[in-house]
Amino acid sequence: MEPSFQSELSGFLSENGFGRHLSLETVSGGSINDAYRLETTEGAFFLKVNSASRFPLLFEAEKRGLELLSDSAFVVPKPLLVHQVGANQVLLLKWVEKGSPKENFWEVFGRRLAKLHSITNDSFGLDHDNYIGSLPQTNG
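Add 2 to the 1-based position in the sequence shown for our numbering, that's all there is to it.
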């Protein structure tokens, strides 16, 4: 990551109440994005970074999708911030530590997935377009 990006990101984080930047560590799971564990004086965060011009509004759409899923049966990380830093866009979420699955994990997961899929509507689609990986997805 470029030093100018880190400097601009650090300034933006502190100005918006996320604390002083302490460390940034690459983590897996970003798929088409760069993914990091960001440590600040306010705690740990998950930071996703991608090109703002290559995937316009990618993280805005992801933020809206996460907010929709937060009303479902699943616990999803709350999106804290979507912002453009230089030529990049960033999505900031609270860091979730990996835990050990509970004994009945798959049973609970199955019930929650069934509950999510029981939600109906009068029509198919979504109120906004988004991405499926790097491909734009029209949801009309």
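Backbone N, C-alpha and C define an ideal beta-carbon position, used for all residues, glycine too.
Please read these numbers as outputs of a predicted model, since none were measured by experiment.
Check	Outcome
Have a look at Asp73 and Ser12 and give me their C-alpha separation to the nearest angstrom.	32 angstroms
Which parts of the region 88–125 are runs of the beta strand (DSSP E), unbroken and 3 residues or longer, counting only runs that do not cross its ends?	90–96
Just tell me which of Leu137, Asp129, Gly135 and Pro138 has its CA closest to the CA of Arg66.	Asp129
Among Glu27, Pro58, Asn123 and Gly112, which has the Cα closest to the Cα of Tyr133?	Pro58
Suppose the cutoff is 7 angstroms on Cβ atoms and the five residues either side in sequence are ignored; what does the same chain contact list for Leu118 look like?	Ser74, Ala75 and Phe76
Compare the Cα-Cα distances from Trp97 to each of Thr140, Glu62 and Tyr38 and report the closest residue.	Tyr38
Taking the beta carbon of Phe126 as the centre, do at least 16 other beta carbons fall within 10 Å, making it buried, or is it exposed?	exposed
Output the distance between the C-alpha atoms of Gln86 and Phe48, rounded to the nearest integer angstrom.	16 angstroms
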